[in-house]
Each structure stands twice: as C-alpha cells, then as structure tokens.
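Shown next, in structure tokens, is the structure this report addresses.
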Amino acid sequence: MNLSQRSFLKLLDYTKEEIEYLLDLSADFKNKKKNNIPHEYLKGKNIALLFEKTSTRTRCAFEVAAYDLGMHVTFLDPQSSQMGKKESIEDTAKVLGRMYDGIEYRGFSQSIVENLAASAGVPVWNGLTNEFHPTQMLADFLTIKENFGHLKGLKLVFCGDGRNNVANSLMVACSKLGVNYTLAAPKSLWPDENLVNICKDIAISTNCQIEFEEDIIKATKDANCIYTDVWVSMGEADNIWEERLNLLKNYQVNMNVLNNASQDVIFLHCLPSFHDLNTTIGEEIYKKFGLKEMEVTDEVFRSKYSKVFDEAENRMHTIKAVMYATLKDKDE
Ligand code: CP
Ligand code: NVA
Numbered sequence: 026m027n028l029s030q031r032s033f034l035k036l037l038d039y040t041k042e043e044i045e046y047l048l049d050l051s052a053d054f055k056n057k058k059k060n061n062i063p064h065e066y067l068k069g070k071n072i073a074l075l076f077e078k079t080s081t082r083t084r085c086a087f088e089v090a091a092y093d094l095g096m097h098v099t100f101l102d103p104q105s106s107q108m109g110k111k112e113s114i115e116d117t118a119k120v121l122g123r124m125y126d127g128i129e130y131r132g133f134s135q136s137i138v139e140n141l142a143a144s145a146g147v148p149v150w151n152g153l154t155n156e157f158h159p160t161q162m163l164a165d166f167l168t169i170k171e172n173f174g175h176l177k178g179l180k181l182v183f184c185g186d187g188r189n190n191v192a193n194s195l196m197v198a199c200s201k202l203g204v205n206y207t208l209a210a211p212k213s214l215w216p217d218e219n220l221v222n223i224c225k226d227i228a229i230s231t232n233c234q235i236e237f238e239e240d241i242i243k244a245t246k247d248a249n250c251i252y253t254d255v256w257v258s259m260g261e262a263d264n265i266w267e268e269r270l271n272l273l274k275n276y277q278v279n280m281n282v283l284n285n286a287s288q289d290v291i292f293l294h295c296l297p298s299f300h301d302l303n304t305t306i307g308e309e310i311y312k313k314f315g316l317k318e319m320e321v322t323d324e325v326f327r328s329k330y331s332k333v334f335d336e337a338e339n340r341m342h343t344i345k346a347v348m349y350a351t352l353k354d355k356d357e
C-alpha cells in the first residue's frame, strides 16, 4: 500500500482498503509503543501544526506521535503567527511547504484545508474542519475493532447534531467500512443531502445501511456502538445554545438508551464532553437552563460500556500511522 506524499483531508478521498491499511498500521504502532519498541522511522523530518481552533487531544496526539517517530514539531495559532490576519492561508502554505515535510491544519471551512493542500507541495492532514474530522475516525474505528474484533456488519448509532463534523465523518467512515449507520436526530439536524447520497452509493458496494430516525429508542435498538458529541460545535454562535438544547434534549445518551441497545454495546464520544458541571460552559448552561448533563449522562460516561479514554489514546496511535504512511519514502 503506497500512500506516500498523499494528503489526508477527508475519508471520501481514501478507499476502503487504504483505510483498513491505516487501521492495521495503527494497531501495529500501538503494539510497538506498549512494548517499548523504538520506531523513530522519520528521524530528521519536521512538521508544522496550524490550529485556528482550540484542541487538547489532536494537538497532543500529533506532537507525541511526531516525537515518537523522531520528528521535530512547530505549533502555530492565530495569536502567534501571521496566518489569516496578515497572510492568506495559500501564502502561509507555500512558505511552510518550503520548510516542513508535512502540515496539520485545524480550523473552519473544509475548503481552507483543501486549498492548503493544493498549495503546500507537502502532505497536509486535516485535524478538524467544520465539515469533517477524519483523524478522529481512525481512532474511533480502531477502538471499535479492538472491542468487537471486526467492523463489517456492526451497527453504529450517532445521537445528536447529525450534520456536524464528527457525524458527517462517521457516516462516511461507516459507509466505507461496511458498518450500518443510523442517525438519531430531529429532521432539522440531518446531514446535507448530497453527502447522504454519496454515502448511500458507497454503502451499496460495502453492503450496509445508512438510516435516519427521529425516535432515539427506535434508532438505538440493537446498536453495537452508541456515539455522541457536543450539541454545539466550535465556531458556532453562542446564541444558538438555547435552540440547540431544545432540539436535542430528547437525544441525550442515558442508561435508558443504552439498555435498549445490544448487550455488547459500547459508548463512544470524541471528547471533550459535557457530562457533569466541572467545566465553565457546563456550569453556565446549568445556571441558565437548569441542565446538569448534556449529550451524555455522567452515569453512562463513567460506566463499563464507555470506551472514551481508549478512544482518546487511540488518537495518538492512529495519527502516527497517518503521518508515517504519508511521509515515508515510496519504497520503504
Ligand atoms: N476529539 C478531539 O478532536 O479533541 P480536541 O478538540 O481536544 O483535539
Ligand atoms: N463537533 C465538535 C468536535 C470536537 C472534537 C466540534 O467541532 O467542536
């Protein structure tokens, strides 16, 4: 499998076999890390991390993965660089492409990361845009595979904002990997029709179903994997909270929902999550609207079904696989 010098912008650009290869490579890197087997395969290379939105997991995953591979890292955000305010993304990409071997970008429109990749001359990795979060998917499906031993034929249900970056990406990833995808959400939060049609076409070839349901109990019946994400994503207006809470309050993942799923169900969340009052936003929402937990209850979050911290750890192993596969020499 040769992915050398490819960018990783969205899963739609990758074949089923290529995604499976990246998952296998991730498992191999995880095993090496656990057994203290050195893997500085990209010694001497340099990468830049561009973040126009905040991050804990993605930034740390890229940094640790890069160090483990023997690379050097520069982190840039809008406050500490010219990016965006004084210099276009295109010019920034051209400059960074002259100095770095690879560039990660987290920010707003998918078109920004696509333009960056078109101008940089080196691989560009999407660390989250408004539309997609592809590196998250590799961690999610590695976690699912670790729990079930396989992917094909499983049922994954996403509860919440069905058109956000994570939900869009899950629908694509499921269709590519032959996992049945059901969205539990009110109609107004169902995804873009074009993307749905693309995924349904792919799902025909991988023999799985892409379904949409307003009733969360119907949707989650027999689910192997229940997934949720924050109800308001980064970059959305602050004044959207009230409307979104009203739309999604009946789509919270609680024990009632989990008990309705398959016996072997696991719970996943890309994180960060509002499952208690130990965050500034969680506290504000409680004061304003009286809600103590949002997309998932604390009980589910901390239950034996919850694999969210394995999933978070897997961000690092999977991002390592993406960087290695795209930066290694062709014939290695
Ligand atoms: N899941 C995820 O992308 O987390 P961060 O926003 O912390 O990077
Ligand atoms: N949908 C969330 C994902 C965070 C990892 C957001 O964009 O804020």
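Positions in the sequence shown are counted from 1; adding 25 to them yields the working numbering. Built from N, CA and C at the ideal position, the CB exists for glycine as well.
- Boundaries of the alpha helix (DSSP H) around Gly122: Ile114 to Met124.
- Secondary-structure assignment with DSSP links Ser331 through a beta bridge to Phe292.
- When the Cα atoms are used, Tyr311 and Val325 turn out to be separated by approximately 19 Å.
- Within the same chain, Leu283, Val290, Ile291 and Phe292 come within 7 Å of Tyr330 by CB-CB distance, once the 5 residues on both sides are set aside.
- Annotation: the continuous beta strand (DSSP E) that includes Tyr252 extends over Cys250 to Thr253.
- Distances taken from the Cβ of Asp240 to the heavy atoms of the ligand NVA include none shorter than 8 Å.
- For Arg188, the secondary structure class from DSSP, reduced to helix, strand or coil, is coil.
- Annotation: Pro159 to Asn281 spans about 30 Å, alpha carbon to alpha carbon.
- Around the Cβ of Arg123, a 10 Å sphere holds fewer than 16 other Cβ atoms; the residue is exposed.
- Look at Ala198 here: in three-state DSSP terms it is helix.
- Bridge pairing for Val149: Ile128 [DSSP].
- Between Thr99 and Ala118 a beta carbon distance of about 14 Å is seen, past the 8 Å cut, so the two are scored as non-contacting.
- Within 10 angstroms of the beta-carbon of His175 lie fewer than 16 other beta-carbons, which makes it exposed.
- One thing to note: Gly185 has its Cβ no nearer than 9 Å to the Cβ of Gly203.
- Membership of Leu47 in the alpha helix (DSSP H) is indicated by the continuous run Lys41 to Lys59.
- For Thr83, the closest alpha carbon among the candidates Ala346, Asp354 and Ala337 is that of Ala337.
- Rounded to whole angstroms, the gap between the alpha carbons of Trp256 and Tyr276 is 10 Å.
- In this structure, Ser258 has its beta carbon less than 8 Å from a heavy atom of the ligand NVA.
- In the three-state reduction of the DSSP assignment, Leu75 falls in the strand class.
- For Phe326, there is no enclosing beta strand (DSSP E); the residue is found in the alpha helix (DSSP H) stretching over Asp323 to Phe326.
- Look at His300: its beta carbon is at least 8 Å from all of the heavy atoms in the ligand NVA.
- For a cut-off of 8 Å, the C-beta gap from Leu352 to Gly95 is around 11 Å, too long to register as a contact.
- Under the three-state reduction of DSSP output, Thr245 falls in the helix class.
- Counting of Cβ neighbours within 10 angstroms places Asp240 among the exposed residues, the total staying below 16.
- The closest heavy atom of the ligand CP lies 8 Å or more from the beta carbon of Gln135.
- In the three-state reduction of the DSSP assignment, Ile227 falls in the helix class.
- The criterion of a C-beta distance shorter than 9 Å is not satisfied by Lys212 and Ala52.
- Assigned with DSSP and collapsed to three states, Ala164 falls in helix.
- Here Phe237 is bridged, per DSSP, to Leu208.
- Pro216 counts as buried, since at least 16 other C-beta atoms from the protein chains shown sit within 10 angstroms of its C-beta.
- By the CB criterion at 9 Å, Phe237 and Ala210 fall inside the cutoff.
- Taking every protein chain shown into account, the CB of Phe157 has 16 or more other CB atoms within 10 angstroms, so this residue is buried.
- Of the residues Leu270, Met162 and Met196, the one whose Cα lies closest to the Cα of Lys313 is Leu270.
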